[in-house]
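There are 2 protein chains.
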Amino acid sequence: MTDNDSEFTVTPYTVSGEIDYEKLLEQFGAGRLTDEQIARFPEPVHPLVRRRVFYAERDVDRFLSAATAGERHSIVTGRGPSGAMHLGHIVPLYFAKRLQQQTNALVYIPFSDDEKYFVTDRSLEEIGEQTRENLRDLLAVGFDPDRTRIIVDTADADVIYPLAVAFGAEVTESTFKAAYGESQNIGHSFYPAVQAAHLLLPQLVTGRHPTLVPIGVDQDPHVRVCRDIAAKQRYDVDKPSALLSKFLPSLEGSGKMSSSSDSETAPTIHLSDDRETVFEKIHTHAYSGGQSTVDEHRARGGDPEADVSYQLLHSFFEEDDDRLDRIAREYRNGSLLSGELKGMAATAVASFLDAHQRRRRRLNSLETELRRYQLTEREREHARRRVGHSTFKAMI
Amino acid sequence: MTDNDSEFTVTPYTVSGEIDYEKLLEQFGAGRLTDEQIARFPEPVHPLVRRRVFYAERDVDRFLSAATAGERHSIVTGRGPSGAMHLGHIVPLYFAKRLQQQTNALVYIPFSDDEKYFVTDRSLEEIGEQTRENLRDLLAVGFDPDRTRIIVDTADADVIYPLAVAFGAEVTESTFKAAYGESQNIGHSFYPAVQAAHLLLPQLVTGRHPTLVPIGVDQDPHVRVCRDIAAKQRYDVDKPSALLSKFLPSLEGSGKMSSSSDSETAPTIHLSDDRETVFEKIHTHAYSGGQSTVDEHRARGGDPEADVSYQLLHSFFEEDDDRLDRIAREYRNGSLLSGELKGMAATAVASFLDAHQRRRRRLNSLETELRRYQLTEREREHARRRVGHSTFKAMI
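Here the protein sequences come in this chain order: B and D. Numbered by this note's numbering, the letters in the first sequence go through residues 6 to 401 in order. Numbered by this note's numbering, the letters in the second sequence go through residues 6 to 401 in order.
Listed below in structure tokens is the structure:
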């Protein structure tokens, strides 16, 4: 969606300009996440929620009711495998893992390799290679294999395409245009049907229940289109709930952390970065809210809100509220220097990545690992039947 | 394509008005089938070719060279399973079977159940039911299982969707509009990519070779779009050749034999019609080129070109040229009456249907029969690899 007054654009395919998150809510028609809702999340409430990086929602109460009552509920959080993964990509997955540990949520993780082929200039070979690499990072997160399903669109086409066929008949080209702008090709045009298959898949496999989609606010159009399909009540599914997040800042301090910006001014932190690289990137590139000299900083203090290192701690890497408050206070009063704050963020990020990389190295072959997270034949069959492919199995 | 002067419309989704077949060739940019080309078909040349019901072509020489030299060649002829099959649907399949017997052609038969869901108001359940019924008719034709593959889009989505993903990135919405007119929904928008997967499938499974698509001239846009994709030379495939047919007349004598016209004035002949029904339909409804009384007919004669019974014999049901010539001559000079001509056509059609129905009744269960015509896992894998899904297998 493009806003003419404030000149920012937020769609699943473009994020640019200075984003007015409040205005975006009005435009999208989503609700602000309330204190009451935050309090309903299981303890300890994840910093992303508690500190309102997830700042907006759709129908989140329905999901929370099921989760807190021990009724069936699920989370869908996906990945578009177009390149190497960076911090901003993995954070939502660790969030989903936390929720799964707390509430026993089913977690479905679709990889939209098809979409990435439609909207980038990468070849299918390159996207396949990235898919394999990204899958290893996903597996390193450590979801519960008994309650987690990983789906790769072209590899699981036997279930994804039949579902997308059912939903594709319910979305017009003009709906596409209103939600996403211009289509790049007919594959791209079809993709909202595939996305709807992703978001409704847990219900189609296991029966009607609340599903939560924690997602960058730029991806909200996918949720809206899917909710419209679900609202038609042809398939006995709930409309998916959504938790919408602001963007993790890029190191240069604004917009969305991008995997394609490997420009020299603002490199991103990749999941494969070693300790030294993390320190180097943060110390050299992380936008600082401090003053330009130590003396000036001691005298006037810094601004944590503008400081990327502080934001990293705030959103994900420093869970302890007291500690975070002290950091903010000392930064504001000038007793904590920019370099010191950067050091704290770099240490936290590097330790996190250390652990992630260690788990990644310990994985068995991708094939062996993935087998534990696959939809069973029975689950595939259930999903297809639920949208009306009643004679499917018998045809094989 | 809509022609404003002569007011006829021919697209894969609409055929209306008095069709000027010559004008259509200019508009579509296809060639007229020449005497030389007809002479290159294996003997005995099928009446549909010899008598120019197939009246136009694209690159048919390339196909004929491979077929006559004993090199690999294939035929793709499909079915949109939206309702019960009638004579006009089965005739191209018997034509393909003949060619297979004569030249050992591979025959690939895709069922576009997805497309039928996108462009009709039938439910997936209804289309699934029709698919099963239509498949029994297809199996009754008696193709060679070793050289024939049957594909149902949603049931074979594991191979069809990955191929369609590759091709979907190469077709824009404006190409869709130019070829087909308005899209009904995003599934419909995507369908040309699926159709391209159908037409290129034999080459993707077995390697580059000439493929012939014998098809109603209204379906030519699918071939054009697919030829444009093939021409980009990303996948080492030949552009498919095409053999384009005029329409078998409806019983009322013009336009396209339609499965949906079960109006009382012009019923169609269904594959399930018994002998009595065939006679009744032809005697009551077949448009006659004869005169309104016997005396007048004896005196002035009839017009075989306008006579639906004669056209049935001409296009498919009377192979013997001498006999057909005699029928035309005697009809023109009035010695053969309309009722007698109708009786000849009805006898031929009823005998043909008798044999078809007998073979259909003798089939084993659909599941058992279809197993002999399925793509093997290895063949599916070949096809996916050829478009670039190189890591596909390894991901499962």
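Where a beta carbon is used, it is the ideal one built from N, C-alpha and C, also for glycine.
When you compare only the Cα positions, how much space is there between residue i and residue j?
{"i": "P371(B)", "j": "R303(B)", "result": "For the sequence presented, residue 371(B) should be read as Leu rather than Pro. Straight-line Cα distance between these residues: approximately 51 Å."}
{"i": "T298(B)", "j": "Y292(B)", "result": "15 Å"}
{"i": "T73(B)", "j": "D233(B)", "result": "26 Å"}
{"i": "E27(B)", "j": "I43(B)", "result": "18 Å"}
{"i": "A198(B)", "j": "R363(B)", "result": "37 Å"}
{"i": "E130(B)", "j": "G186(D)", "result": "33 Å"}
{"i": "G294(B)", "j": "D126(B)", "result": "37 Å"}
{"i": "K102(D)", "j": "S320(D)", "result": "16 Å"}
{"i": "E138(B)", "j": "P115(B)", "result": "15 Å"}
{"i": "K121(D)", "j": "S87(D)", "result": "6 Å"}
{"i": "D327(B)", "j": "V112(B)", "result": "31 Å"}
{"i": "T5(D)", "j": "L30(D)", "result": "Past the boundaries of the shown model lies residue 5(D); chain D is included only from 6 to 401, so the question cannot be answered."}
{"i": "T153(B)", "j": "Y378(B)", "result": "6 Å"}
{"i": "V313(D)", "j": "L346(D)", "result": "10 Å"}
{"i": "H290(D)", "j": "F284(D)", "result": "10 Å"}
{"i": "D161(D)", "j": "T82(D)", "result": "16 Å"}
{"i": "G344(D)", "j": "Q296(D)", "result": "11 Å"}
{"i": "R337(D)", "j": "T39(D)", "result": "28 Å"}
{"i": "Q316(B)", "j": "H214(D)", "result": "59 Å"}
{"i": "R383(B)", "j": "G212(B)", "result": "13 Å"}
{"i": "P309(B)", "j": "P52(B)", "result": "16 Å"}
In its own chain, which residues sit with a C-beta less than 7 Å from the C-beta of residue i, not counting the 5 before and 5 after it?
{"i": "D163(D)", "result": "R385"}
{"i": "S194(B)", "result": "E178, F181 and S188"}
{"i": "T159(D)", "result": "D118 and D119"}
{"i": "R365(B)", "result": "R141, D142 and A145"}
{"i": "S70(B)", "result": "none"}
{"i": "R391(B)", "result": "L209 and Y240"}
{"i": "V50(B)", "result": "I43"}
{"i": "I165(B)", "result": "I156, D158, V199 and A202"}
{"i": "K237(B)", "result": "E175"}
{"i": "E281(B)", "result": "none"}
{"i": "R45(D)", "result": "L69 and T73"}
{"i": "V124(B)", "result": "Y18, Q189 and H193"}
Under the DSSP definition of a beta bridge, which residues are partnered with residue i?
{"i": "V20(B)", "result": "V15(B)"}
{"i": "L217(B)", "result": "I80(B) and S246(B)"}
{"i": "G36(D)", "result": "E62(D)"}
{"i": "Y99(B)", "result": "DSSP lists no partner for Y99(B)."}
{"i": "Y315(D)", "result": "Looking at the DSSP assignment, Y315(D) forms no beta bridge with any residue, so it has no partner."}
{"i": "Y113(D)", "result": "V81(D) and R154(D)"}
{"i": "H51(B)", "result": "H51(B) pairs with nothing; no bridge assigned."}
{"i": "H394(B)", "result": "Beta-bridge pairing links H394(B) to no other residue."}
{"i": "H275(D)", "result": "H91(D)"}
Which whole-angstrom value is the C-beta distance of residue i and residue j, which I expect to be below 8 Å?
{"i": "E62(B)", "j": "G85(B)", "result": "Not confirmed; about 23 Å, so no contact."}
{"i": "V230(D)", "j": "A201(D)", "result": "7 Å"}
{"i": "H394(D)", "j": "G133(B)", "result": "6 Å"}
{"i": "D149(B)", "j": "Q105(B)", "result": "6 Å"}
{"i": "L253(B)", "j": "P219(B)", "result": "13 Å between Cβ atoms; not a contact."}
{"i": "F33(D)", "j": "D225(D)", "result": "5 Å"}
{"i": "R389(B)", "j": "P207(B)", "result": "Between P207(B) and R389(B) the Cβ distance is about 15 Å, and since that is not below 8 Å, they are no contact."}
{"i": "L217(B)", "j": "S246(B)", "result": "5 Å"}
{"i": "R305(B)", "j": "G339(B)", "result": "7 Å"}
Under 8 Å Cβ to Cβ from residue i, same chain only, skipping five residues before and after it: list those, please.
{"i": "E12(D)", "result": "G22 and E23"}
{"i": "F322(B)", "result": "A350, A353, V354 and F357"}
{"i": "T381(D)", "result": "none"}
{"i": "E269(B)", "result": "Residue confidence for E269(B) is low, a pLDDT of 45 falling below 50, so the modelled location carries little weight; the figure read from the coordinates is stated next. No residues qualify anywhere along the chain."}
{"i": "L329(B)", "result": "L318, H319 and E323"}
{"i": "R56(B)", "result": "H319 and S320"}
So with CB distances below 7 Å, who are the chain C contacts of residue i?
{"i": "Y122(D)", "result": "No chain C is present in this structure, whose protein chains are B and D."}
Cutting at 6 Å between CB atoms, please list the residues of its own chain near residue i, excluding the five before and the five after it.
{"i": "H288(D)", "result": "K347"}
{"i": "A235(B)", "result": "V242 and K244"}
{"i": "A311(D)", "result": "G294"}
{"i": "S250(B)", "result": "V58, F59 and G221"}
{"i": "R77(B)", "result": "H214"}
_Tell me whether the stretch 170-185 of chain B and the stretch 131-151 of chain B touch, counting them as touching only if at least three CB pairs, one residue from each stretch, are closer than 8 Å._
no
*Would you check if there are 3 or more beta carbon pairs closer than 8 Å linking the stretch 324-334 of chain D to the stretch 353-363 of chain D?*
no
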